[in-house]
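Chains as they are written, first to last, in my numbering: chain C, 101 to 752; chain H, 140 to 481; chain Z, 598 to 884.
Glycine residues also receive a C-beta, built at the ideal position from the N, C-alpha and C atoms.
None of the values given here were measured: they were computed from a predicted structure.
What follows is a short report on a single structure.
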Amino acid sequence: MKRLWLAICVLVAFGAVSLFADIDPNKEVVPGVKRGDTIIIEDPTPGAAFSNPDSFNRWSCWAGGGGGWSYGIQQLGLDTLWFIDPDAGIPRPGVSAKDQVWHNSLAAAKPIYNKDYTQMTAKLRKGILWSDGVEFTSADVKYTVETLAQNPTMIFGSSFKVSIKSVETPDKYTVVFNLNSPNSRFHRNFTVRWQGCFIMPKHVWEKEVKKPGDAITYNFNPPVTLGAYVLKDYDKQGKWYLWERRADWNKTTIADFGMPVPKYAMYLTDLPNDKKVIMQLSHDLDMVHEVTPEGMVQLAKSKNNTNWFQGFPFGHPDPTLISILMNNARDPFDKADVRWALALATDVVKAAMGSYNGAVQISAILYPPTGTSRKYYFDPMQTFLKNFTIDAGKAGKIKPYDTTIAQKIADAARPQFGDQVPKDPNRIAGMIGQGWWKYDPKAAAALLEKNGFTQKGGKWYKPNGEQFKIILQNQGPDRPILQRLTTTIAELWTNFGIETTAIYSQDDGTNRNLGNFDGYVFWNIETWGGHPDMSYFIEALHSKFFTPVGEVHNGPNPIRYKNAEQDRIIDDILKTDFDSQKNINLGIEWLKLMVKDMPEIPLFAYNVFVSQDNTYWTGYPNYDKPYANPVTNWTNGRYIFTQLKQMLPPKK
Amino acid sequence: MSIRGVLGKSFFKYLAQRVGQCVLVVFIGITLTFLLPRLAPTNPIEMKIDQMMTGPMRVYPEAVASFRQAMYDLYGLKGGLGEQYIATWARFFRGDLGPSLTTYPRPVSHLIWRAMPWTIGLLLTTAILSWLAGNLLGGLAGYHSDKRWTKWVELTANCIRPIPYYIFAFVLLIVFCFLVPIFPSSDAYDRGVKEGLNLRFMVSVLYHTFLPALSLVITGVGGWLLGMRALVSNIVSEDYVQYAEFAGVRKGTILGKYVMRNALLPQLTGLGMGLGTIFSGALITEYVFGIPGIGLISYRAIVSFDYSLIMGISMFSIVGVSVSVLIVDLLYPFFAPRVRLQ
Amino acid sequence: MRKAFSGLWKTSGYFRFGIVSISFAVLMFVLSFFSPYKPMESFVVPANLPPSLAHLFGTTSRGQDLFWQMTVALRNSLLFGAVTAALSRVIAIWVGMYAGYRGGLIDKAMMAVNDSFIILPVLPILLLVQFLVREKMNWFYMASMLALLGWPYDARLIRAQVLSLKERIFSETAVFCGMPTGRIIIKEHLPYVMPIIFATTINNFLWSIGLEVTLSILGLTNINNASIGVVIFWANQHQALISGTWWWLAAPVGITVFVFAGLYLLAVALNEYIDPRTRLSMKAVAA
């Protein structure tokens, strides 16, 4: 009887939705713009609609939705020197697989450094036009850098002020940056991985911006674009932005990959979770940025749906590593044994089920298992991991690496996802991961005892007699999956005997940055994705950027970890060429050190349940054709438009 | 009901009292809303830094320090608590509510201005509608208290009254947006419709705000209904009503001219006070149905620790509510002879 | 007592419904101590099962048995409401009666403060405080906060009643006869004040639970402590609406409506009984 009820409710919901869903390429999205010509995309920035919808000043931190820039301006309107793809990149004739991830966008070639990395030269492309017909030249780059350096509250402003001595433009297509101190990775500032320093049109800005403060409040409305699209219209409340492809799109850098297919692109902001799902089910939303696992399951039932894995585990793994951060400056987390004990007391299968319902990519090392990282890091390290041994006191010497974990997760997920969960072990390894640390409470207990901890009545006590309690923080309802994960881990550790409470601080990271935490479920390791260079995150782990607890740290080291060996590796990396094999080898050295010390417990890639509807457009990237990152807010997403196919062209 | 009769010495004493109280309330309220957000361990600047410092930008501590300093200057948050407090009052008397910290430099007044029409429109109409409907039904129910249908009306009102508003609104949402999808579940108007005085826009707004309005009216009616009914049932037993009935005056006239007229007075006071609370915005309604009114903005302001915005909205609503209550209190003696004598 | 009960039962439909509702709430309360699972522990039963004999209310996406979870949730919510109501009664009675009896400047001052509190917008203030002290917030603090915000309206009612009682002839007689003020208050006046206190208690009880539910749904309370609002919060987190686990929302919403409406109707029935005028008319009907 209850099942019947359920069926009726679901049928009514679906039935009603499909009744309201009409597939009509001729219906107008806004007057004059037809659905069949428009791709409708979700902009996930929360609260976008209440902030500064009229501002297209991408360099001010208050533009758009109070700091949101993903309503099309960065994806379609702006450009910079180089792009690195978070996945594999679009195959191009004459370009090797390794180089596919790199695109010389506004630059004509890779960055050129002098011997001691105090000067970087960028050669620019010729014939790229702004949307008002003016040519892009080195004067624009110089103007951008100088304007930003004068305004430390603008993005990149304060770091340019500190790092750049001067910018010279010997000719229209060459820019020379003179740096204040050696920096072999200075080009990072102009290389897009989610964002980069975009270039401003000098001829437009200098008319409105007379004194330094003006640049902060200048609206840049309507924006003069360097990308393949211009702004056509937008909602004054900030709910949607409509972009139109430029007639001279072939004078922009995206033309290297062909014409961006959709004539119009509309970004919708501030969509609540339920509404997103319903809109996509009724074919009114083509690209969804992220839904919960439950929403994904519903969307996947629709026959026009595509997602990254075309089935379980659905989500696209972002090159960001979710881990349990531990405060290495606080007792007892300053002991490697205690940190390892916590790792061994974490049943990662349960953690995976409690957060992503099993749809995860696990990582045993401090590197997100995404993009091309398997090839560069995971595969070469398997032997080391399998042989890695810990001295677990009374429990003896153990080898904690467990290669059956992925299989266990697949089995746990099968009741819910049925046949979509692969059975082939190779596919499981590819989709879920190659292994993690064994769930070994006995060894964990032995490690604690080895360090003076005692167990009374099922609860653990520190060597000084205090009960071992942990407060595990996370960031609350804006990151619901991390919240579930934190609650699950808190339960697991409490069952092990360490009383753990999961709380969340809606403080956007202040506690983390100040070091006011025992444990924090978050991420500090983000990588390029496609390119194996670690400089994206590793440079600021050096002890010269270390700040003690109580002083704010705005970098990747909120865990306050210091290690001389790590410093040495980082110094070496920064002296090594960006593209070399030596660079990768140094990275592997660092990863091995992290395994020994376990300063934080790595868990999963940040999975984004991206979903697309193929009724009007098709050709999105996926696991078998990973030519781009399907999330909608990364600037890198612009490449997708060149690979799509229009399914329902409207009547002329 | 002569005005001269009211404006005696005692009235001015009363006036002074009420105005004084209004000022006191405003002062306390504004001080509280100044202090409370600043007691938080975090502040909007740290949040902005966290947002901005990703990837290659976060490497230089001097850069971060420079950014932080510049932000403090920009936001006017430098100087001690005392300085900021005085500056706040200075701005208040100039009528300037300050810049919003999350949407700098857009002033708070601009955000409030944009959101107010939604809140006022929704709450004003529903307050008046539920007051009218509630009093009418309550009056009829109280007068015809022996009939069967009054029992049903009372029962419904009594059942709806104790339910937390969120639950009620949520159930409406589930039923009419998901189970039987007639209404849209969020936003004040359809995307793709341009804001402005055109028919398409207005129809879209009505379509989107029908459900939230309905939820407010239904939950609001109950209180007025029961209150009116109680008042009426007291009045019904009064001598002059009984006399009118014996004298054969039409029931409708008795209800309208004799009974309701006298019962309306306390209800009017209630309405006055209720209208004052419009300024606080129906936070939950706007949250559940996604209406971009004052309530939703204050929620967002609190979530992002935007001191200025929180202060601005609070100032606005405290002043608004206090002044409305003051006006109601001052007008009361003109309508209620009995009160005047005290 | 028994006569009153049976009288009410016979005459008042509200009373009958209220008693049924209270019995249900008490039953759930008692059952909560026998729950075989720890209330918020996840993955102890298979997830997403619809209601059946094995799981009366079904199971959640986090692998929890909803029936047993609701017993604890209801218990926590009821306790919370009771504590808040009790605390705010104390404040309201004290303020109302003291202001009413003292009169004069003290009365005016207290009423000024009282009115300021009435005007305060409760929800935004709670939101703000919750954000500030979330980590240290436990339900006792929250109950205290709500008590601090919930007394003004009732204090005024009590004061009004006290004022009118003071004027009455029997009070003046008692004073004239030399009865000490304390005895007057307790023996003569309290019986008149009690009905108001009682009526406002139930209202306050429901109001505070309602606020707790609202705050929990917004995710602002300790979401690891089971309460009705917390259950709805997690259901929304897991998108129960979309994923078809309708029982996860139906149970807490249904129970809330049932228990709240029942309690309120019970209060209405009892109020009518206590008020001498209506009781007489009820007796007439019963006879």
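- Exclusion of the five residues before and after ASP672/C leaves LEU686 as the residues of its chain whose Cβ lies within less than 8 Å of its Cβ.
- Counting C-beta pairs closer than 8 Å gives three or more between the region 703 to 711 of chain C and the region 417 to 424 of chain C, which meets the contact rule.
- When the beta-carbon positions are compared, VAL391/C and LEU399/C come within less than 8 Å of each other.
- Counted as a single uninterrupted DSSP element, the beta strand (DSSP E) harbouring LYS223/C occupies residues 219 to 223.
- Taking a contact to require three or more Cβ pairs closer than 8 Å, the region 374 to 388 of chain C and the region 341 to 355 of chain C do not qualify as touching.
- Unbroken alpha helix (DSSP H) runs of no fewer than 4 residues, entirely contained in the region 299 to 340 of chain C, are found at 302 to 308, 314 to 317, following chain order.
- For MET481/C, the number of other beta carbons within 10 angstroms of its own is at least 16, and it is reported as buried.
- One Cα belongs to TYR214/H, the other to ARG245/H, and the distance between them is close to 12 Å.
- About 6 Å separates the Cβ atoms of TYR213/C and SER284/C, confirming a contact at the 8 Å cut-off.
- The beta carbon of PRO322/C sits closer than 6 Å to those of LEU331, all from its chain and outside the five residues before and after it, given in chain order.
- Under the criterion of beta carbons closer than 8 Å, PRO183/H and SER443/H qualify as touching, at roughly 6 Å.
- Straight through space, the alpha carbons of ASP329/H and PRO405/H are spaced by roughly 41 Å.
- Bounds of any beta strand (DSSP E) do not take in TYR698/Z; it lies within the alpha helix (DSSP H) bounded by 663 to 699.
- Under the Cβ criterion of 8 Å, SER258/C is counted among the residues facing chain H.
- In this structure ILE829/Z is in contact with ILE814/Z, their Cβ atoms being roughly 5 Å apart against a cut-off of 8 Å.
- Taking 8 Å as the cut-off, the Cβ atoms of LEU364/H and GLY273/H count as close.
- GLY281/H counts as buried, since no fewer than 16 other beta carbons sit within 10 angstroms of its beta carbon.
- In the DSSP assignment, LYS600/Z forms no beta bridge with any residue.
- Apart from the 5 residues on each side of it in sequence, ALA644/Z sits with its Cβ closer than 8 Å to the Cβ of THR656, THR657, SER658, ARG659, GLY660 in its chain, given in chain order.
- Per DSSP, LEU572/C is one residue of the beta strand (DSSP E) stretching across 569 to 574.
- Listed along chain H, the residues sitting closer than 7 Å to GLY609/C by beta-carbon distance are ASP189.
- Its chain contains ILE505, LYS508, ILE509, ALA512 as the residues whose beta carbon lies nearer than 7 Å to that of VAL449/C, once the 5 sequence neighbours on both sides are disregarded; these appear in chain order.
- At a cut-off of 8 Å between beta-carbon atoms, VAL203/H makes contact with chain C.
- DSSP, read as helix, strand or coil, puts PRO246/H in strand.
- Taking PRO633/Z as reference, the option from PHE855/Z, HIS652/Z, PHE621/Z with the minimal CA-CA separation is HIS652/Z.
- Judged by pairs of C-beta atoms under 8 Å, the region 615 to 623 of chain C touches the region 576 to 592 of chain C, as three or more such pairs exist.
- Contacts with chain H at 8 Å (Cβ-Cβ) include SER713/Z.
- Put simply, the CB of LEU403/H is far from chain C, with every gap to its CB atoms at 8 Å or more.
- Pairing PHE484/C with LYS692/C gives a Cβ-Cβ distance under 8 Å.
- Within the same chain, and ignoring the five residues on either side of ASN654/C in sequence, the residues whose Cβ sits closer than 8 Å to its Cβ are ASN613.
- CA-CA distance, MET698/C to THR842/Z, rounds to 39 Å.
- By the Cβ criterion, the region 217 to 225 of chain C is in contact with the region 267 to 275 of chain C, since at least three pairs of Cβ atoms, one from each stretch, lie closer than 8 Å.
- Judged by DSSP secondary structure, PHE704/C falls within the beta strand (DSSP E) whose first and last residues are 700 to 708.
- Under a 10 Å Cβ-count criterion, ILE306/H is classified as buried, with 16 or more other Cβ atoms of the shown protein chains found around its own Cβ.
- DSSP places ALA365/C inside the beta strand (DSSP E), whose first and last residues are 364 to 369.
- When the five nearest sequence neighbours on each side are left out, the beta carbons in the same chain lying within less than 6 Å of the beta carbon of VAL388/C are those of GLU142, LYS376, GLN380, SER711, in order along the chain.
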